[in-house]
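The sequence shown begins at 22 in UniProt numbering and counts up by one.
Beta carbons are placed, not taken as given, at the ideal position from N, Cα and C, and that holds for glycine.
Computed from a predicted structure; not experimentally measured.
One structure is given below, encoded as structure tokens.
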Amino acid sequence: LFAGEVEFLKGVVAMDGLPPADRPEICFAGRSNVGKSSLINALTGRKALARASNTPGRTQEINFFTLAESHYLVDLPGYGYAEAPLPKVQAWQRLLKAYLAGRPNLRRAFVLIDSRHGAKPVDEEIMQLLDSAAVTFQAVMTKADKVKAADREKSLETTRAVLAKHPAAFPEIVLTSSEKGDGLEVLRAIIAQMS
Ligand code: GTP
Ligand code: MG
């Protein structure tokens with residue numbers, strides 16, 4: 022799957038702009054700055070496919086990428102704190118929630134969590150929404166290259182405890198680094214199974 026072409030399809034700012042729900046779709050959700058866009062770039066081996074930056078609130082639209090013309094990968098705007106005007110942030114939060122709860126071809130949501138911090142209350146809010154919408158989700162820890170072993174274990178533990186409360190959560194957590202490449206093969210294999 023990942024040997025095929027990957028292309029940017031479109032950025033969407035309203036539900037009526039979504040492309041037809043005609044193929045399996047996998048999305049990347051998480052707090053602003055957690056590393057969603059970077060992970061899509063790392064997975065696809067394309068450095069600047071999705072725009073990443075150190076400013077929380079970089080991704081402000083729902084960005085669709087086609088993978089080998091058979092799957093959609095979706096880069097979502099972040100939730101939580103963002104450096105952007107409030108009305109804009111509120112608009113994309115509404116869109117994000119509508120998308121997560123109402124996309125019929127969404128096979129799995131990866132919920133990205135910073136390995137240094139573990140799952141936070143805002144993550145739980147999104148997990149609750151995914152439970153209600155019966156969207157299976159999987160926690161992906163990011164920035165593994167930045168965390169000390171002890172802190173990593175602590176945030177894995179916090180995150181495991183949170184996941185246990187959510188019926189739509191897939192129990193296994195994937196530890197990743199977009200910088201060093203950890204976990205990328207595992208994620209590619211998970212995505213390749215989705216049909
Ligand atoms: P928003 O679009 O603002 O919600 O952020 P995002 O979740 O898409 O995060 P983005 O990919 O833009 O990354 C945020 C910052 O974290 C950037 O400066 C990245 O270079 C950095 N970053 C992302 N992943 C990693 C990683 O695995 N390791 C390290 N060291 N830095 C990372
Ligand atoms: Mg982004």
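query = Any heavy atom of the ligand MG closer than 7 angstroms to the CB of Asp96?
reply = yes
task = Within 10 angstroms of the Cβ of Ser199, are there 16 or more other Cβ atoms? Answer buried if so, exposed if not.
result = buried
task = Just grab the DSSP bridge partners of Leu127 for me.
result = Glu46
task = Given a cut-off of 8 angstroms, decide if Leu133 and Gly66 are closer than it, judged by their beta-carbon atoms.
result = no
key: Contact test: Arg44 Cβ vs the ligand GTP heavy atom, cutoff 7 angstroms   = no
key: Beta-carbon spacing of Val27, Leu88 below 8 angstroms   = yes
ask   = Closest to Asn84 by CA distance: which of Gln111, Glu90, Ala71 is it?
value = Ala71
message = Only counting the same chain, and skipping five residues up and downstream in sequence, which positions put a Cβ closer than 7 angstroms to that of Ala103?
response = Ser53, Pro77, Gly78, Val110
ask   = Opposite Leu196 in the DSSP bridges: which residues?
value = Met162
query = Among the residues of its own chain, which have a CB less than 7 angstroms from the CB of Arg44, if the five just before and after it don't count?
reply = Ser91, His92, Tyr93, Asn126
key: Through-space distance from Ser176 to Val168, alpha-carbon basis   = 10 angstroms
key: Near the ligand GTP: Arg79 beta-carbon under 7 angstroms from a heavy atom   = yes
message = Here's the rule: buried if 16 or more other CB atoms are within 10 angstroms of the residue's CB, otherwise exposed. What is Gln159?
response = buried
ask   = Counting Cβ pairs closer than 8 angstroms, one from the region 194–208 and one from the region 145–165, do we hit at least three?
value = yes
inquiry  = Are there any heavy atoms of the ligand GTP lying less than 7 angstroms away from the beta-carbon of Val33, as far as the coordinates show?
reply    = no
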